[in-house]
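Accompanying notes for the structure given below.
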Amino acid sequence: MNRGLVGAEGFQAVHYLDVAEPHICLYRDQTEIILTKTNGKRVLPNRELYGYGYDAYFITRDQEMLQDELQNSNVKIVRPLSNTDYSNKEFVIEDIDGRWIAFGIKSVNDDAATGD
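23 is the number of the first residue of the sequence shown in the numbering used here; add one for each residue after it.
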């Protein structure tokens, strides 16, 4: 069962549902994710709207540890940790609304990442 990112995954949720623009903030370490209310409308992931693309991309260092943590919490991994053709090391999860969220960083051997 995919429980999302709150709970065992270490995200803390703060609800702002009784305000002019209802939303929920998810916090973990130095990261804040803001989710807005859909008013009952279906969320359309970028890959459905445009044929490609992630819905969010987070730069992170400890990808192996994070991927293991999310996998152990039954978060759906749609692309396991690998090196991409654009010189990133990344993995991708799918959230409970079908959005693809990537966690990656430039590969250390990439000249563009070092400015050489």
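Here a beta-carbon is modelled for each residue, glycine too, at the ideal position from N, C-alpha and C.
The Cβ atoms of L88 and F33 do not sit closer than 9 angstroms to each other. When secondary structure is reduced to three states using DSSP, L103 falls in the strand class. Remark: C-beta atoms of D77 and W122 approach each other more closely than 9 angstroms.
For Q52, there is no enclosing beta strand (DSSP E), since its DSSP letter is neither H nor E. In this structure L103 touches E86 by the C-beta definition: roughly 6 angstroms separates them, less than 8 angstroms. Scanning the segment 57-127 from its first residue to its last, the whole alpha helix (DSSP H) runs of 4-plus residues come out as 68-72 and 85-94. Across the set Y38, H37 and V65, the C-alpha of V65 shows the shortest separation from the C-alpha of E116. Annotation for A35: the continuous beta strand (DSSP E) segment containing it runs Q34 to Y38.
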